[in-house]
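**Q** Protein chains in written order, with this note's numbering: chain A, 8 to 231; chain B, 8 to 231.
Take a look at this one; I'll ask things after.
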């Protein structure tokens, strides 16, 4: 039983991968190098994949900086002064147009090629409800489209499914789940900046630290 | 009035671009370099874009050979022995899993970034009905997904539309339309092989030659 997992190297996708493995799937990981600032994520994704014993791991490279539009890929300063609780109220400045759609499209091609029907994604609409492409409604629309887009879907040999096991979990629940499954969070990377050690100051680091605190656990990652 | 046009450099996408221009759109072209054999297509796309006076032209590079699965990107021999009329009966060997979905996803990101709402694609379900991702039903499902995926779609500032003006045209009608609009078909490239001149023997060249014949016109391209 094969599944493709979108693995960014962050908390969420790494936990989703651990859940997929726990459900008995043979994992095929896909990671994207899209000109983001935090290339550390890619190293983290490969390390997490290795630790989870993925059957294969493809890294797809492309350059989203070609048209800019987000703090993650162009020269806009990554914001650090928001209170964590503000996240989810509006669409964050770190929104990248069509990012998950591009990622899922590649994952769909990979899934059909290896003869699988399931894609795992670490999308979560509790702490990140501001991202339109992290919502259940979006994922179901993608699924419908995917079954019309593909040879296997149209011929009826496959019914493609998007599994988003974290969709309604809080960050604390996500971390507790990963810890129970034996996931080593020291391998993961959340910081929006690409320094040697995570900054502990950006929105993503703050959210991560708050999540470990809410889970009553200590983040095993060493901060700058 | 801006529109993004998926421009491969072939007959269909070039004609769709000419139609978009004729409808008064300012064109933003997007072309993909995805490890296909016929890189000549990319040069053709740039030439067609220039001739049509595109406002901008982005070339997105990525490598679909990472997981193979199609004659267009791996070492499977490109078939040349099918009768042209067989096309459309079944899904061709040149099918690439999720190709149009990947292309449209990038186009969606580009469209949202430039503040446009319209994507033109040269999809055609008459001569190529074998490709699942060239059908009207698929394109509408993509559109639905796109409006749930994006900030502009969710906030209601945009309603993304996929325009496929060729969807129900025959190849002959497509060529006649392009000629009326002044499109120079000598700039386009259809051959599946990447030689200096088109081979005239592969399925794509045969289909092109048959289309010009059906239109009562001579293909301005010089064959090997």
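Yeah, the Cβ is synthetic: ideal placement off N, Cα and C, and Gly gets one too.
1) Would you say residue 69 of chain A reaches chain B, if we count a Cβ-Cβ gap shorter than 7 Å as a contact?
2) Need the endpoints of the beta strand (DSSP E) that residue 228 of chain B sits in, please.
3) Under DSSP, the beta strand (DSSP E) around residue 167 of chain B begins and ends at which residues?
4) Go ahead and pull the three-state DSSP assignment for residue 24 of chain B.
5) Hey, would you say residue 180 of chain A sits closer than 7 Å to residue 104 of chain B, going by beta carbons?
6) With the cut-off set at 7 Å, would you say residue 188 of chain B and residue 55 of chain B are in Cβ contact?
7) Starting from residue 13 of chain A, trace the alpha helix (DSSP H) both ways and give me its first and last residue.
8) Select from B/221, B/168, B/214, B/141 the residue whose C-alpha is nearest the C-alpha of residue 198 of chain B.
9) For residue 8 of chain B, count neighbouring Cβ atoms within 10 angstroms of its own Cβ and tell me buried if that reaches 16, exposed if not.
10) Flag this pair as touching only if the region 208-227 of chain A and the region 159-175 of chain B have three or more C-beta atom pairs under 8 Å; answer yes or no.
11) Taking DSSP as the reference, what is the three-state secondary structure of residue 211 of chain A?
12) Kindly say whether residue 116 of chain A, judged by its beta-carbon, lies nearer than 7 Å to any beta-carbon of chain B.
13) Which of helix, strand or coil does DSSP assign to residue 61 of chain B?
14) Considering only their Cβ atoms, is the gap separating residue 125 of chain B from residue 10 of chain B smaller than 7 Å?
15) Quick one: Cα of residue 23 of chain A to Cα of residue 229 of chain B, how far?
16) Run down chain A in chain order and give the residues with a C-beta less than 8 Å from the C-beta of residue 158 of chain B.
17) Please tell me whether residue 11 of chain A has its Cβ less than 7 Å away from any Cβ of chain B.
18) At a CB-CB cut-off below 7 Å, which residues of chain B make contact with residue 119 of chain A?
19) What residue does the alpha helix (DSSP H) around residue 155 of chain B start on, and which one ends it?
20) Counting only Cβ pairs nearer than 8 Å, list the residues of chain A close to residue 151 of chain B.
21) Could you tell me whether the Cβ of residue 37 of chain B comes closer than 7 Å to any Cβ of chain A?
22) Look at residue 112 of chain A and residue 52 of chain A and say whether their C-beta atoms are less than 7 Å apart.
23) Where do the ends of the alpha helix (DSSP H) carrying residue 113 of chain B lie?
**A** So, from the data block:
1) Residue numbering aside, residue 69 of chain A sits at position 62 when the first chain is read from its first letter. For residue 69 of chain A, the answer is yes, since a Cβ of chain B falls inside 7 Å of its Cβ.
2) The residue given as residue 228 of chain B occupies position 221 in the second chain. No beta strand (DSSP E) contains residue 228 of chain B, which DSSP labels as neither H nor E.
3) Residue 167 of chain B sits at position 160 when you count from the first residue of the second chain. Neither: residue 167 of chain B is in no beta strand (DSSP E) and is coded neither H nor E.
4) Here residue 24 of chain B corresponds to residue number 17 of the second chain, with the count starting at 1. Reduced to three states, the DSSP call for residue 24 of chain B is helix.
5) Mapped onto the first chain, residue 180 of chain A falls at position 173. Mapped onto the second chain, residue 104 of chain B falls at position 97. Going by C-beta atoms, residue 180 of chain A is not nearer than 7 Å to residue 104 of chain B.
6) Position 181 of the second chain, counted from the start, is the residue given in the question as residue 188 of chain B. Position 48 of the second chain, counted from the start, is the residue given in the question as residue 55 of chain B. No, these two residues do not count as a Cβ contact at 7 Å.
7) To locate residue 13 of chain A, count along the first chain from 1; it is residue 6. No alpha helix (DSSP H) holds residue 13 of chain A; the beta strand (DSSP E) holding it covers 9-13.
8) Residue 198 of chain B sits at position 191 when you count from the first residue of the second chain. The option with the nearest alpha carbon to residue 198 of chain B is B/214.
9) Against the second chain, residue 8 of chain B aligns to sequence position 1. Exposed, because fewer than 16 other Cβ atoms sit within 10 Å of the Cβ of residue 8 of chain B.
10) no
11) For this step, residue 211 of chain A is matched to residue 204 along the first chain. In the structure shown, residue 211 of chain A sits in a helix (DSSP, three-state: H, G or I).
12) Within the first chain, numbered from 1, the residue matching residue 116 of chain A stands at position 109. With 7 Å as the cut-off, residue 116 of chain A counts as an interface residue toward chain B.
13) Reading the second chain from its first residue, position 54 is the one you call residue 61 of chain B. If DSSP states are grouped into helix, strand and coil, residue 61 of chain B belongs with coil.
14) One-based indexing of the second chain puts residue 10 of chain B at position 3. One-based indexing of the second chain puts residue 125 of chain B at position 118. Taking 7 Å as the Cβ cut-off, residue 10 of chain B and residue 125 of chain B qualify as a contacting pair.
15) The residue you call residue 23 of chain A lines up with position 16 of the first chain. The residue you call residue 229 of chain B lines up with position 222 of the second chain. About 54 Å.
16) Here residue 158 of chain B is taken as the residue at index 151 of the second chain, counted from 1. Within chain A, the residues near residue 158 of chain B are 98, 102, 104, 139.
17) Within the first chain, the letter at position 4 stands for residue 11 of chain A. Chain B contact via Cβ: absent.
18) For the purposes of this step, residue 119 of chain A is taken as residue 112 along the first chain, with counting starting at 1. Per Cβ cutoff of 7 Å: 104, 105.
19) As a working note, residue 155 of chain B is residue 148 in the second chain. Element bounds for residue 155 of chain B: 143-156.
20) As a first step, residue 151 of chain B is located in the second chain; it is residue number 144 there, counting from the start. Those are 148, 151, 152, listed as they occur along chain A.
21) By 1-based counting over the second chain, the position of residue 37 of chain B is 30. Not one chain A Cβ lies under 7 Å of residue 37 of chain B.
22) Reading the first chain from its first residue, position 105 is the one you call residue 112 of chain A. Reading the first chain from its first residue, position 45 is the one you call residue 52 of chain A. No, they are not a contact pair.
23) As a first step, residue 113 of chain B must be located in the second chain, where it is residue number 106. Its alpha helix (DSSP H) spans residues 106-121.
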